[in-house]
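2 protein chains.
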Amino acid sequence: MASSKAGRRNNTDPDATRREILQAALEVLAKDGPESLSVAEVARRAGVNRGTAYQHFPTREDLAHATASWVSERMYQEFYGDLEQLEEVNEVYPPDLALERLSDFAMNNPELSRAWLFDVMSTQGNVTDKFWKKYVEELGEFTQSGYGREDMDVEVFAFITLASALLWPIWVGAHAKNSKARDKMQQRFFDEMMRLVLFGSLVPERHAKLIKRFSKRAKQD
Amino acid sequence: MASSKAGRRNNTDPDATRREILQAALEVLAKDGPESLSVAEVARRAGVNRGTAYQHFPTREDLAHATASWVSERMYQEFYGDLEQLEEVNEVYPPDLALERLSDFAMNNPELSRAWLFDVMSTQGNVTDKFWKKYVEELGEFTQSGYGREDMDVEVFAFITLASALLWPIWVGAHAKNSKARDKMQQRFFDEMMRLVLFGSLVPERHAKLIKRFSKRAKQD
DNA sequence: CATATAGTCAACAATGATGTCTACTACTAT
DNA sequence: ATAGTAGTAGACATCATTGTTGACTATATG
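So the protein sequences, as listed, match chains A and B. The first sequence runs contiguously to residue 354 in our numbering. The second sequence runs contiguously to residue 354 in our numbering.
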C-alpha cells in the first residue's frame, strides 16, 4: 500500500537543490576545513542523493571552488547587501554600530564566517574578495573622514578585527553552556573591542617612551 | 652491489622517532585540521613506516590525542620555557617586548601556533591549557600592576591578541612573495598592534558620546 | 500527448585509509 | 653470543570515497 517511492524529491527548483548542496558544503567546510570536504558527506548532509550532487558539480574540486565563490558572494551580500542603499544617506557609519553589526553577524553566521575567513586567509596572491575590499575601503574612508586615527594601518587593523570577531563564535560555542551565557560572551567581546578601539589597553602615563616611539605619524595632540 | 636494505633507519632513539611522528602530525593538523589527520599521511611525512607509527600510537585517535597534548605542552615550553627563570628578576615584562615575542614566535612556529589555536579554541568546556592560563595570568598581573588599563576584559583581550597574532603568519604566507616582504608584513603587524594598544583606533574628540558610554569603570583622567 | 529536465536508485571499479599480522633486520645490552 | 628493542616490508580484510553509468520517475512545457 505504501508508496515504494517515498522519499523522492523530484524538485521543481534545481537552484534550490544547488543552494542546499552549497549550504551543506559550507557547513562541512566550516567544520572540517577544505581538505576534508567530501561529496558523499555533503550530499548526505544536504539530504540529496550523491548522484544529484555530481549532476550539479562534476567533481569534488568543482564543488569546492563553487562553494568558495558562493561563500565569498554570500558574505558580501549578507553583510553589505541591505546596507548599500542606506549608504548614500548616512555619510559616516558609526564605529559602534559597525562593530556591533560585525559581531552579531559572526554570531548568527558562524559557519559562513569561519569558511570565509579561512578561504580568504589562505588564498594565495592578491585579495580579490569583495567583502574584504569593501571592509578595508570603508575603514579607509572612516579614518580619512577624521573619525578614525590617521596613523592606522588599515589592512592590518581590518585583519585583527575580522580574525577575532569571526572566530569569537567558535570560542563561545565551545565555552558557553547555554544561550544566556552565549549572549553574555557576545556582549563581552563587543565591550572589550569597543574599549580597545577607544582607549587602547595601556596606561599612557606609564609608557611615555613607547608613546614617543610609536607616534611617528600621529601628531594630533 | 648496492645494499638492498638502504633507507633502513633502525634508530637507537625511539623517542626521537616518536617526536618526528608527532611533528609530522602537527604539520598535518595545522594544514588540514584535526578531521583529516590520517596515520598514513603522517607516517609518509615523517619518513617513517606506517607500521612504526602504529607501534607508537595504536589508533588514529590515540595519535590525535597525543598530538594535541604535545602541541599544548610544546606551546608552553617554547614560549615560556626559557622565560621562567628570568621572571623573578624582571618584575614587569614590557608590553612591546611581550608582543614582539608573541609575533616572532608565531612567525617562526606557524604550524604549532595554528594547531594550538584551533585546539584550544574548539575544545569544549573549561580551558585547562597551560599556555592560555599563563598568558591570561600575565596579562592580569600587568593590568593590576598599573601598567595596563584596569577596565580591560583580560580574557577577551587575550583572545583578540592571540587569535590575530597566531593567524597573521597564514595571511603573510599567502600574500608575501619573498622573505623581505614577509619581514615587512611582520613589522606592520607589530607596529599596528602596538599602535592599537597604545592609542586605540578612534579619534577621541570625535567620539565623546562613545567615550562616555564605554568608560564606566575607567576613571583615570 | 510527447519530450526535456531534475532527480532517485543501484551497481561498479579504482583508490586509499584503517587496523592487524607475520617475517625480517639491525642495533643494544646483558 | 643471545635476547630484546626499534623499525621495515609486505600482505590482508574492511571500509569510505570517487567518479561513472544505466534504468527509472515525477514534473513542466511545448
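Beta carbons: idealized from backbone N, C-alpha and C, even for Gly. Since we're looking at a predicted model, the values are computed, not measured.
What residue range does the alpha helix (DSSP H) around S312(B) cover? Within the second sequence, residue 312(B) is the residue found at index 179, counting from 1. Per DSSP, S312(B) belongs to the alpha helix (DSSP H) from 312 to 332.
Per DSSP, what are the beta-bridge partners of G281(B) in this structure? Translated into the one-based positions of the second sequence, residue 281(B) becomes position 148. The partner list for G281(B) (beta bridge, DSSP) reads L335(A).
Does the Cβ of Q257(B) have 16 or more other Cβ atoms within 10 Å, making it buried, or fewer, making it exposed? Taking the second sequence and counting its residues from 1, the one referred to as residue 257(B) is at position 124. With fewer than 16 other Cβ atoms within 10 Å, it is exposed.
Check each residue of the stretch 315 to 334 of chain B: if its Cβ is closer than 9 Å to any Cβ of chain A, include it; give the result in chain order. M318, R321, F322, D324, E325, M326, M327, R328, L329, V330, L331, F332, G333, S334
For the stretch 148 to 176 of chain B, which residues have a beta carbon sitting closer than 9 Å to at least one beta carbon of chain A? K164, D165, G166, P167, E168, S169
Looking at E233(A): is its Cβ nearer than 7 Å to the Cβ of A163(A)? Locating residue 233(A) in the first sequence gives position 100, where the first residue counts as 1. Locating residue 163(A) in the first sequence gives position 30, where the first residue counts as 1. Not closer than 7 Å, so no.
Determine the chain B residues that contact D237(A) at a beta-carbon separation under 8 Å, and present them in chain order. Your numbering for residue 237(A) matches position 104 in the first sequence. Within chain B, no residue comes near D237(A); the closest Cβ sits about 16 Å away, beyond 8 Å.
Short check: CB of A298(A) to CB of L230(A), under 7 Å? Here residue 298(A) corresponds to residue number 165 of the first sequence, with the count starting at 1. Here residue 230(A) corresponds to residue number 97 of the first sequence, with the count starting at 1. Contact flag unset, no.
Going along the chain, which residues of its own chain have a beta-carbon closer than 8 Å to the beta-carbon of A186(A), five neighbours each way excluded? Counted from its first residue, the first sequence places residue 186(A) at position 53. Here the set comprises I154, V172, V175, A176, A179, L196.
On the CB-based measure, 16 or more other CB atoms within 10 Å of its CB, does G166(B) come out buried or exposed? Against the second sequence, residue 166(B) aligns to sequence position 33. Buried, since its Cβ has 16 or more Cβ neighbours within 10 Å.
Going by beta-carbon coordinates alone, are R315(A) and V305(A) separated by less than 7 Å? For the purposes of this step, residue 315(A) is identified with residue 182 of the first sequence, where counting begins at 1. For the purposes of this step, residue 305(A) is identified with residue 172 of the first sequence, where counting begins at 1. The answer is yes: Cβ separation under 7 Å.
Is the Cβ-Cβ distance between S334(B) and R207(A) less than 7 Å? Numbered from 1 along the second sequence, position 201 holds the residue referred to as residue 334(B). Numbered from 1 along the first sequence, position 74 holds the residue referred to as residue 207(A). No, the Cβ-Cβ distance between S334(B) and R207(A) is not below 7 Å.
Helix or strand or just coil, what does DSSP make of L300(A)? Stepping through the first sequence from its first residue, residue 300(A) is reached at position 167. In this structure, L300(A) counts as helix in the three-state DSSP scheme.
Are the Cβ atoms of F251(B) and M327(A) separated by less than 7 Å? On the second sequence, residue 251(B) is found 118 positions in, with the first residue counted as 1. On the first sequence, residue 327(A) is found 194 positions in, with the first residue counted as 1. No.
Using 7 Å as the threshold, is the C-beta distance between V287(B) and V260(B) below it? Translated into positions along the second sequence, residue 287(B) becomes position 154. Translated into positions along the second sequence, residue 260(B) becomes position 127. No, the pair does not count as a contact, with Cβ atoms beyond the cut-off.
If you measure from the beta carbon of D252(B) to each beta carbon in chain A, is any gap under 7 Å? As a working mapping, residue 252(B) is identified with position 119 in the second sequence. For D252(B), the answer is no, since every Cβ of chain A falls outside 7 Å of its Cβ.
Going along chain B, which residues have a C-beta under 7 Å from T256(A)? Counting from 1 along the first sequence, the entry for residue 256(A) is found at position 123. Ordered by position in chain B, the residues that pass the 7 Å Cβ test against T256(A) are A307.
Same chain, Cβ closer than 7 Å to A291(A), five either side skipped, listed in chain order: As a first step, residue 291(A) is located in the first sequence; it is residue number 158 there, counting from the start. Excluding sequence neighbours, A291(A) sits near Y268, V269, L272.
Neighbour-count burial assignment, R151(B), 16 or more Cβ in a 10 Å radius: Along the second sequence, one-based indexing puts residue 151(B) at 18. Classification for R151(B): buried.
If M240(B) and P302(B) are in contact, beta carbons under 8 Å, what's the gap, nearest whole angstrom? Here residue 240(B) is taken as the residue at index 107 of the second sequence, counted from 1. Here residue 302(B) is taken as the residue at index 169 of the second sequence, counted from 1. Their Cβ separation, rounded to whole angstroms, is 5 Å, which keeps M240(B) and P302(B) in contact under 8 Å.
Using the three-state DSSP reduction, which class does K345(B) fall into: helix, strand or coil? Working through the second sequence from its first residue, we reach residue 345(B) at position 212. Of the three classes helix, strand and coil, the one that applies to K345(B) here is helix, per DSSP.
Where P228(A) meets chain B, residues with beta-carbon distance less than 9 Å: Residue mapping note: residue 228(A) aligns to position 95 of the first sequence, counting from 1. Ordered by position in chain B, the residues that pass the 9 Å Cβ test against P228(A) are S334, L335, H340, L343.
Please state whether DSSP places N242(B) in a helix, a strand or coil. In the second sequence, the residue the question calls residue 242(B) occupies position 109. The answer is coil: DSSP assigns N242(B) none of H, G, I, E or B.
According to the neighbour-count rule (16 or more other Cβ atoms, all chains shown, within 10 Å of its Cβ), is D262(A) buried or exposed? Within the first sequence, numbered from 1, the residue matching residue 262(A) stands at position 129. Classification for D262(A): buried.
Indicate whether at least one CB of chain A lies closer than 7 Å to the CB of Y74(B). With chain B covering 134 to 354 only, the question about residue 74(B) has no answer from this structure.
Can you find a C-beta in chain B that's less than 7 Å from the C-beta of S297(A)? Start at 1 with the first residue of the first sequence, and residue 297(A) comes out as number 164. True, the Cβ-Cβ gap to chain B drops below 7 Å.
Which of helix, strand or coil does DSSP assign to Q210(B)? Taking the first residue of the second sequence as 1, we reach residue 210(B) at position 77. Of the three classes helix, strand and coil, the one that applies to Q210(B) here is helix, per DSSP.
Is F347(A) close to chain B, meaning its C-beta is less than 7 Å from at least one C-beta of that chain? Locating residue 347(A) in the first sequence gives position 214, counting from the first residue. Yes, F347(A) counts as interfacial toward chain B.
Return yes when the Cβ of S205(B) is within less than 7 Å of the Cβ of E168(A), no when it is not. Reading the first sequence from its first residue, position 35 is the one you call residue 168(A). Reading the second sequence from its first residue, position 72 is the one you call residue 205(B). It is not a contact, given that the beta carbons lie outside the stated cut-off.
Taking W203(B) as the reference, which of K266(B), Q319(B), L295(B), W249(B) has the closest Cα? Reading the second sequence from its first residue, position 70 is the one you call residue 203(B). The candidate whose alpha carbon is nearest that of W203(B) is W249(B).
D215(A) CB to nearest chain B CB: under 7 Å? Here residue 215(A) is taken as the residue at index 82 of the first sequence, counted from 1. No, D215(A) does not count as interfacial toward chain B.
Just to check my reading of the structure: V307(B) and M318(B) have Cβ atoms closer than 8 Å, yes? What is that Cβ distance to the nearest angstrom? Taking the second sequence and counting its residues from 1, the one referred to as residue 307(B) is at position 174. Taking the second sequence and counting its residues from 1, the one referred to as residue 318(B) is at position 185. As written in the sequence, residue 307(B) is Ala, which differs from the Val given in the question. A307(B) to M318(B), Cβ: 11 Å. No contact.
If you reduce the DSSP assignment to three classes, tell me which class T150(A) lands in. Stepping through the first sequence from its first residue, residue 150(A) is reached at position 17. T150(A) falls in the helix class under three-state DSSP.
Is it true that the CB of L300(A) sits closer than 7 Å to the CB of A201(B)? Translated into the one-based positions of the second sequence, residue 201(B) becomes position 68. Translated into the one-based positions of the first sequence, residue 300(A) becomes position 167. Result no, Cβ atoms of A201(B) and L300(A) do not sit closer than 7 Å.
Exposed or buried, what is H198(A) when buried is set at 16 or more other beta-carbons lying within 10 Å of its beta-carbon? Counted from its first residue, the first sequence places residue 198(A) at position 65. Under this definition H198(A) is an exposed residue.
For chain A, is any of its Cβ atoms less than 7 Å away from the one on V289(B)? Residue numbering aside, residue 289(B) sits at position 156 when the second sequence is read from its first letter. Cβ-Cβ to chain A under 7 Å: yes for V289(B).
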